[in-house]
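These protein sequences, in sequence, are chains A and B.
Each residue of the first sequence is one higher than the last, beginning at 6 in our numbering.
Each residue of the second sequence is one higher than the last, beginning at 6 in our numbering.
The beta-carbon is built from N, C-alpha and C at its ideal position, and this holds for glycine as well.
Note that the structure is a prediction, hence the values are computed from the model and not measured.
2 protein chains.
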Amino acid sequence: MRLPRIEWRANSVDEFSIIEAYFTGVGVDHDAVTKGPGDDCAILSIPDGCELCVSTDTLLERVHFLENAPGEVVAARSLTANVSDLAAMGATPVGFLLALTIPHAEDRWLGPFAKELSRGAVEHGISLVGGNMSHGPLSVTITVFGTVPKSGAMMRSGAGVGDAIYVTGSLGQAAAGLDALKQGQSGRLPLKEAYLSPQPQWRFGSRVRELATACIDISDGFIVDLSHLLTASEIGAELTLDDVPLSEALLEFAGEKALQYAMYGGDDYELCFSIPEAHCKALTEIAEQTGTQISRIATVVSENGLWSVIGDQRSPIDVRGYKHF
Amino acid sequence: MRLPRIEWRANSVDEFSIIEAYFTGVGVDHDAVTKGPGDDCAILSIPDGCELCVSTDTLLERVHFLENAPGEVVAARSLTANVSDLAAMGATPVGFLLALTIPHAEDRWLGPFAKELSRGAVEHGISLVGGNMSHGPLSVTITVFGTVPKSGAMMRSGAGVGDAIYVTGSLGQAAAGLDALKQGQSGRLPLKEAYLSPQPQWRFGSRVRELATACIDISDGFIVDLSHLLTASEIGAELTLDDVPLSEALLEFAGEKALQYAMYGGDDYELCFSIPEAHCKALTEIAEQTGTQISRIATVVSENGLWSVIGDQRSPIDVRGYKHF
């Protein structure tokens with residue numbers, strides 16, 4: 006594979022130098038990228054019979070990562086936050102644009118940032134097709150591109166009554182990891198890792214696409230995002246709280262609050278999807294083949310709303326989100 | 006035409022409210038947009054025989070617009086900066102993503118911002134397909150999408166020896182307008198307008214695409230960007246300084262410094278392109294049909310470099326850019 010030479014759109018000799026030094030050859034060459042960095046636009050050539058999924062996300066210091074977060078953490082979290090949106094559609098990643106605003110051009114930050122960005126891009130088989138660099142308060146906006154067969158994308162809408170609802174992974178670990186970091190706790194490595202270096206589920210997403218009726222990324226919090234899926238699908242769900250996947254590490258850290266972390270914590274770059282009963286066996290095979298943990302946690306009902314079920318008890322669930330303003 | 010309902014990717018009830026109030030139905034429905042806002046990704050369907058041009062640009066307070074700039078100015082400058090990159094490729098705009106970071110959710114800023122964004126989007130026939138909203142220092146990152154016939158995009162490379170080099174519009178007005186604003190000068194409306202409300206040349210770009218051998222947007226400064234075109238095309242050029250288009254308004258404002266503004270000022274969202282002599286007549290017709298001012302200002306030579314020609318005198322031109330760091 007040819008590694009593309011990154012020239013980028015640059016408007017100063019210094020911006021050029023930074024791009025030359027840090028953002029040359031990020032990721033792999035991809036057939037769908039006709040023209041990579043170095044011109045006013047990149048050019049993508051979408052294979053016949055495919056559509057292009059696009060999404061953009063900004064990550065900010067003190068909002069999406071801690072103050073003075075090292076470059077590799079910012080890169081890992083930024084790339085995953087975006088690729089996870091492709092995963093939710095069942096898209097296969099193709100490439101990405103990076104709009105990076107940094108307060109200082111420091112090697113000790115830019116070096117690890119670029120290295121992790123490159124590692125992640127190679128892992129996902131994508132290429133940095135262009136971008137923009139500015140001088141200002143730290144801000145990372147990535148725009149991702151991925152392909153799906155025409156009319157094949159999973160959406161938030163489409164879940165049907167009687168469908169089983171699953172989630173991938175263990176929930177609440179990232180939010181607990183963030184709290185452990187804020188509290189300066191030692192250890193808690195699985196939790197911290199979940200926050201600092203999350204993995205997007207696009208390989209699983211691109212396989213489950215043909216079976217699932219609806220899907221969403223749950224990074225804003227499991228309950229909040231599940232409620233978006235239910236609203237878009239115009240249905241409701243009964244959630245079996247006992248089936249929400251909680252890791253040993255989370256239970257050890259959070260005790261009785263573990264379920265709260267799992268339901269409302271956010272930062273889990275996992276997928277929540279609905280699937281007809283008939284496909285549950287095929288689903289198990291895909292999960293095994295891709296090494297993905299899955300848990301059946303709810304069932305779709307016709308009545309709009311979200312209820313928890315513990316044994317015989319059924320009670321409405323409070324839908325809360327993170328307030329930005 | 007159906008106006009798309011903007012739901013956007015939202016992670017709080019408040020973000021939802023802002024999006025509902027300000028970013029619903031921005032722009033026009035476009036055939037290439039299979040799925041607009043409201044899911045984890047938007048979906049674009051590229052017509053057979055076409056490729057997709059993509060570009061991203063961040064605009065920041067005190068860098069790309071003045072402190073406390075009104076919303077309509079930020080919207081106009083952000084949209085044009087991005088659409089101009091499509092123009093340089095000869096692409097026809099399709100849609101855009103908006104990653105908006107704002108310090109306060111104030112109607113007096115968001116209202117005019119959204120209104121101007123919508124006006125510009127309708128003017129360019131594009132649709133807001135999704136985005137992201139965050140709370141932090143003001144920053145606007147737009148990612149634009151446009152289509153070109155396969156292998157039909159103009160690039161910075163491709164200019165041939167003997168080609169004529171043209172620019173659209175009058176140069177230096179925006180930079181002079183910015184200085185007039187900073188100095189608190191009254192009047193100077195054409196200059197201020199050039200800075201505050203620039204127009205991208207995509208209609209002209211999409212027509213000249215079949216004739217031009219290379220093209221670049223000159224928003225980083227005419228000489229800097231021309232030198233990028235020359236470098237990418239591995240050729241040089243002789244520039245006739247007398248032919249650089251200077252407006253009456255600029256000459257009145259800047260006197261002897263008018264040419265400096267035109268050559269190094271930046272913020273001109275105009276196109277600089279090379280074209281074989283044989284196509285110059287057809288070019289004139291396109292300029293007339295699209296109401297575009299064009300000026301022939303240079304000729305491509307085989308020797309790498311850039312020279313000014315005044316009468317019989319030929320001297321090398323200093324290539325300078327704006328330093329970000």
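- A Cβ of chain A is located within less than 8 Å of the beta carbon of I48/B.
- Sequence-ordered contacts of the segment 98-121 of chain B with chain A read G100, L102, L103, A104, L105, T106, I107, H109, A110 [C-beta pairs closer than 9 Å].
- The way I'd put it, the segment 115-131 of chain A doesn't touch the segment 232-248 of chain A; fewer than three beta-carbon pairs between them come closer than 8 Å.
- For the 8 Å CB-CB criterion, P154/B and C55/B form a contact.
- Under the three-state reduction of DSSP output, R193/B falls in the coil class, being neither helix nor strand.
- At a cut-off of 3 residues, the continuous stretches assigned as beta strand (DSSP E) that sit fully inside the segment 110-183 of chain B are 132-140, 144-154, 169-173.
- In the structure shown, the three-state DSSP call for E261/A is helix.
- Short of 6 Å from the beta carbon of L246/B, and not among the five residues preceding or following it, lie these beta carbons of its own chain, in chain order: S313, I315.
- C46/A and D53/A have their alpha carbons spaced roughly 22 Å apart.
- DSSP places F101/A within a strand segment (E or B) once states are collapsed to three.
- For G241/B, there is no enclosing alpha helix (DSSP H); the residue is found in the beta strand (DSSP E) stretching over 241-245.
- Segment contact: the segment 61-76 of chain A against the segment 143-152 of chain A, three or more CB-CB distances shorter than 8 Å; contact assigned.
- Remark: fewer than three beta-carbon pairs, one from each stretch, lie closer than 8 Å, so the segment 173-183 of chain B and the segment 79-90 of chain B are not flagged as touching.
- Between R208/A and the set A37/A, E25/A, A92/A, the nearest pair of CA atoms involves A92/A.
- The way I'd put it, the segment 285-301 of chain B does touch the segment 205-224 of chain B; three or more beta-carbon pairs between them come closer than 8 Å.
- Counted as a single uninterrupted DSSP element, the beta strand (DSSP E) harbouring D62/A occupies residues 55-65.
- For D222/B, the uninterrupted beta strand (DSSP E) run begins and ends at 219-222, by DSSP.
- Taken through DSSP and simplified to helix, strand or coil, Q294/A comes out as helix.
- By the neighbour-count criterion, in which 16 or more other beta carbons inside 10 Å mark a residue as buried, N87/B falls on the buried side.
- When Cβ-Cβ separations below 8 Å define contact, G167/A makes no contact with chain B.
- Per DSSP, the unbroken alpha helix (DSSP H) holding I228/B starts and ends at 227-238.
- Against R161/B, the close residues of chain A are D44, in the order they occur along the chain (beta-carbon pairs closer than 7 Å).
- In this structure, DSSP gives S22/B a helical state, which the three-state scheme calls helix.
- Counting along the chain, the unbroken alpha helix (DSSP H) around S211/A starts and ends at 207-213.
- Taking the Cα positions, L196/A is about 16 Å away from E261/A.
- Straight-line measurement puts the Cα of L255/B at about 42 Å from the Cα of P42/B.
- 8 Å or more divides the Cβ of L71/B from the Cβ of G177/B.
- Interface criterion met: the Cβ of D90/B is under 8 Å from a Cβ in chain A.
- Taking 8 Å as the upper bound for CB-CB distance, I51/B and L102/A are not in contact here, some 17 Å apart.
- S89/B and G157/B have their C-alpha atoms spaced approximately 17 Å apart.
- A direct Cα-to-Cα measurement between V127/B and I24/B gives close to 18 Å.
- For I280/B, DSSP records a beta bridge to A169/B.
- Within chain A, the residues whose beta carbon sits less than 7 Å from that of L65/B are T106, S139, G141, listed in sequence order.
- Distance between R124/A and G30/A, taken at the CA atoms: about 11 Å.
- Relative to the Cα of L244/A, the nearest Cα in the group S162/A, I170/A, L216/A, D273/A belongs to I170/A.
- Per DSSP, T39/A is one residue of the beta strand (DSSP E) stretching across 38-40.
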